[in-house]
Structures are given as C-alpha cells and as structure tokens.
Amino acid sequence: MPLNTTFLLIEDNLIDQLVIRQLLKKVLFIEEIHIANNGEEALLWLDNNREINKPLIILLDIQMPFMNGFDFLKEYDKLESKIKNDTQIYVLSSTLDPDEIDEITKNKYVSKMLSKPFPIEEFKDNFYLNTTAS
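Just so we're aligned: the sequence shown equals residues 1 to 134 in the numbering used here.
Okay, here's the thing in structure tokens:
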C-alpha cells in the first residue's frame with residue numbers, strides 16, 4: 001500500500017468522521033487524513049493543496065449541508081486536471097434512491113460507491129486493487 005497517499009474525508013457527521021478516521025488508521029495504517037465538513041470546505045482544501053505530489057483519496061459523503069456531494073462533484077469537474085490526475089473518489093452514502101445511485105455510479109470521477117456505515121474491508125480490497133493496478 002502506498003503510505004504516501006493523502007486522504008480527504010468530506011463528511012459533516014462528527015461521529016462518522018471519528019469512526020472513519022480510526023478505521024483508516026487502525027486497518028490501513030493511514031496517517032495523513034484531512035477532514036472537510038462539506039463540499040465548500042473540501043474545494044477550499046483542494047485549492048490550498050494544489051501542489052500535493054502524491055495520490056489523493058477522497059471519501060465523499062453525499063448528504064451534507066452548505067454543499068452536498070453532488071454539488072461538490074459538479075464543482076470538482078471544473079478544477080484543473082492536474083489536481084484530478086492522481087485522485088480517486090469513493091462516495092459514502094446510505095441512499096436507496098435509484099436516481100441518486102445512478103447519478104453516483106455514472107459519475108466519471110467516482111471510483112466506487114460504498115454504503116454507510118463505512119465498509120472498511122470492502123474499501124481495503126478495492127483500495128489495494130486500485131493502487132496495485134496503477
């Protein structure tokens with residue numbers, strides 16, 4: 001696993017933030033985990049960290065105040081490609097709405113949709129698969 005991977009968790013729920021951060025640290029031994037409480041904060045973080053020279057994994061919640069995950073993905077599309085080149089986005093959602101699921105899975109930036117609560121083992125398998133294939 002590339003230990004030089006940066007994680008950005010975009011999640012408004014403080015309990016989910018704590019649980020996901022602990023799972024990433026304990027199961028995947030990830031140390032660099034940044035948290036944004038909504039899409040606006042995440043875009044600001046991306047803007048301030050443009051020169052990041054290592055892979056970025058974004059864990060994106062869909063239902064958030066101010067700027068939800070769908071709005072974030074629309075704005076993310078407008079970012080310069082340099083920022084998006086070495087980035088994978090995993091959407092975290094508990095939605096059962098077929099239209100939302102369809103919109104998530106058809107988005108070209110979304111690597112995979114994961115159900116909440118955060119399925120660390122499923123993510124771990126997918127993470128290893130995607131990092132060894134690159």
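Glycine included, C-beta positions come from ideal geometry on N, C-alpha and C.
Under a Cβ-count criterion, where at least 16 other Cβ atoms within 10 Å of its own Cβ denotes burial, should residue i be classed as buried or exposed?
i, result
"D61", "buried"
"N53", "exposed"
"L44", "exposed"
Quick one, are the C-beta atoms of residue i and residue j less than 8 Å apart?
i, j, result
"L46", "L79", "yes"
"L24", "I33", "yes"
"F7", "G39", "no"
"I30", "I58", "no"
"F118", "V19", "yes"
"S93", "K116", "yes"
Please name the residue, chosen from the options, that lies closest to residue i on a Cα-to-Cα basis.
i, options, result
"G69", "P55, V27, E103, L18", "E103"
"D77", "D86, T87, P117, Y109", "Y109"
"L28", "G39, E51, N38, N4", "N4"
"F66", "L56, N48, E41", "E41"
"E11", "E100, N126, K106, V91", "V91"
"T146", "Q88, L114, T87", "Limits of the chain in this structure are 1 at one end and 134 at the other, which puts residue 146 out of reach."
"N37", "L9, N107, R50, N49", "L9"
"L56", "L43, N48, K84, E75", "K84"
"K74", "R50, K26, D86, K106", "K106"
"S111", "D16, N126, N49", "N126"
"R50", "K26, T87, Q63", "T87"
"E100", "I120, K82, Q63", "Q63"
"I35", "D97, K82, Q17", "Q17"
Sort out for me which residues DSSP pairs residue i with in a bridge.
i, result
"F70", "In the DSSP output, where bridge partners are listed per residue, F70 has none listed."
"E7", "Checking the sequence shown, residue 7 turns out to be Phe, not Glu. For F7, which the question treats as bridged, DSSP gives the partners I33, I57."
"V91", "L60, M113"
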